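A quick write-up on the structure given underneath.
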Amino acid sequence: ESMGAHLSAYTSREHTAYYMKTLAKDLPKAVELLAEVVQSSSLSEADIELQRSVVLRELEEVQGSLQDVCLDVLHATAFQGTPLGHSVIGPSANARTLTRNDLVEYINSHYKAPRMVLATAGGVNHDELVGLAKQHFSGVSFEYEGDAVPVLSPCRFTGSEIRMRDDAMPLAHIAIAVEGAGVASPDIVPLMVANSIIGSYDITFGGGKNKSYAAVTPKIVRDVCSKYIYDKCPAVSAVGPIEQVPDYNRMRSAMYWLRF
Numbered sequence: 024e025s026m027g028a029h030l031s032a033y034t035s036r037e038h039t040a041y042y043m044k045t046l047a048k049d050l051p052k053a054v055e056l057l058a059e060v061v062q063s064s065s066l067s068e069a070d071i072e073l074q075r076s077v078v079l080r081e082l083e084e085v086q087g088s089l090q091d092v093c094l095d096v097l098h099a100t101a102f103q104g105t106p107l108g109h110s111v112i113g114p115s116a117n118a119r120t121l122t123r124n125d126l127v128e129y130i131n132s133h134y135k136a137p138r139m140v141l142a143t144a145g146g147v148n149h150d151e152l153v154g155l156a157k158q159h160f161s162g163v164s165f166e167y168e169g170d171a172v173p174v175l176s177p178c179r180f181t182g183s184e185i186r187m188r189d190d191a192m193p194l195a196h197i198a199i200a201v202e203g204a205g206v207a208s209p210d211i212v213p214l215m216v217a218n219s220i221i222g223s224y225d226i227t228f229g230g231g232k233n234k235s236y237a238a239v240t241p242k243i244v245r246d247v248c249s250k251y252i253y254d255k256c257p258a259v260s261a262v263g264p265i266e267q268v269p270d271y272n273r274m275r276s277a278m279y280w281l282r283f
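Pasting the structure below:
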């Protein structure tokens with residue numbers, strides 16, 4: 024707070040990030056604080072209990088959001104049997120039983136130098152950052168104990184579906200996904216641009232369909248995305264009053280015609 028900076032963290036399905044937003048002149052202090060958070064967290068029992076209650080409240084909020092539930096079960100069916108199939112926040116049973124020893128063991132097993140990235144953006148001198156990394160992160164271990172090296176198997180995509188029908192719900196939530204390009208693919212940037220251009224549509228938004236980009240036609244989008252959508256096995260999740268949702272085989276056969 025004395026620096027006027029912002030320190031926070033988040034977890035996704037693929038990584039955990041600790042980050043700061045601060046003035047460029049405060050870079051040395053920012054790197055020092057991040058290094059302390061990563062390497063020297065006290066993990067007191069009082070703090071763990073406090074965060075346990077926070078996580079349990081977040082779980083209740085997620086379970087009350089059908090959109091979030093639909094996307095979680097979409098991941099569960101698309102990446103079934105792999106770590107990407109798990110939700111980010113996890114089951115409530117884990118939150119209730121997690122101990123300090125569990126956290127310490129996880130940190131000791133996974134917080135290794137080859138699995139860390141220190142990145143900056145803005146008015147930062149690269150050589151200065153390298154020097155700060157050497158100063159504050161040189162003590163991070165490169166070695167694993169015994170055979171504790173994590174085995175990171177590729178997470179396969181499985182064409183499949185999962186349905187949670189509840190006719191008492193006012194709205195149906197449906198999500199469809201196909202396997203896209205990996206981060207190393209030359210197509211990843213064009214697909215990200217297409218995703219940004221298309222965005223999302225909600226009939227309640229001001230402007231509605233008039234907010235679309237005139238220069239972007241359905242043909243352009245189809246040309247960019249067709250090889251990832253055409254004749255692929257989709258993953259489908261549906262929650263709520265979904266009696267009228269077409270069956271999976273019909274959706275699968277329709278993927279062929281998206282090319283035309």
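So the sequence shown is numbered by the numbering used here: it starts at 24 and just counts up by one.
Even for Gly, the Cβ is constructed at its ideal location relative to N, Cα and C.
Keep in mind that this is a model prediction, so the values were computed, not measured.
{"Asked": "Gln86 versus Asp49 - alpha carbon distance", "Found": "40 Å"}
{"Asked": "Bridge partner(s) assigned by DSSP for Glu184", "Found": "Val259"}
{"Asked": "Whole-angstrom distance between His98 and Ser63, CA atom to CA atom", "Found": "34 Å"}
{"Asked": "Nearest-angstrom Cα separation, counted from Ser35 out to Glu84", "Found": "17 Å"}
{"Asked": "Residues sharing a beta bridge with Met43, DSSP", "Found": "Leu30"}
{"Asked": "Coarse secondary structure for Ile199, derived from DSSP in three states", "Found": "strand"}
{"Asked": "Other residues of its chain near Val127: CB distance less than 7 Å, five sequence neighbours each side excluded", "Found": "Leu66"}
{"Asked": "Within 9 Å, strictly: CB atoms of Cys93 and Ser249", "Found": "no"}
{"Asked": "Nonlocal neighbours in the same chain, by C-beta distance under 6 Å from Asp125, ignoring five residues either side", "Found": "none"}
{"Asked": "Presumed contact (8 Å Cβ cut-off) between Arg80 and Ala118, rounded CB distance", "Found": "10 Å between Cβ atoms; not a contact."}
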